[in-house]
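Working notes, beginning with the structure itself.
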Amino acid sequence: MGLTVTMGLGMVVIASTVAFRLVASAPAPVPVRAEALDLPAGQEITALGASPAEILVTTRDADGAERLFVFRRADGNRLSETPIRRED
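Take a look at the structure:
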């Protein structure tokens, strides 16, 4: 009887933990408010990312040079531009 109760309680704890993590770990999406992002001419977007406050864009130009642009999520203003250098 004691083993049955222990196993039953263990199953309840595991099911409760899984249910809690499924519900609690889904963050609410943050809307993008910027209407447009201004990139220099000739830049091809290779990747996008975001944080709660910023939008990150990596680009490649015709010469193969890569850059990381950081934009403010609220209005689309460019905050920084960083060249990406790859080690050979």
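Just so we're on the same page, our numbering is the position in the sequence shown counted from 1, plus 16. Glycine included, each C-beta is placed from N, C-alpha and C at the ideal position. Owing to the predicted nature of the structure, the values given are computational and were not obtained by experimental measurement.
Answer with yes or no whether the minimum CB distance from E51 to chain C is below 9 Å. Here there is only one protein chain, and chain C is not present.
With respect to the beta strand (DSSP E) encompassing S96, which residues constitute its N-terminal and C-terminal limits? Start and end: 94-100.
Could you check which residue in S96, D104, R101 has the C-alpha nearest to that of P56? It is S96 whose Cα lies nearest to the Cα of P56.
Can you tell me the Cα-Cα spacing of V34 and L25, whole angstroms? Taking the straight line from one Cα to the other gives about 14 Å.
Please confirm whether R88 and I61 have their CB atoms less than 9 Å apart. For the pair R88 and I61, the CB atoms are not nearer than the 9 Å cut-off.
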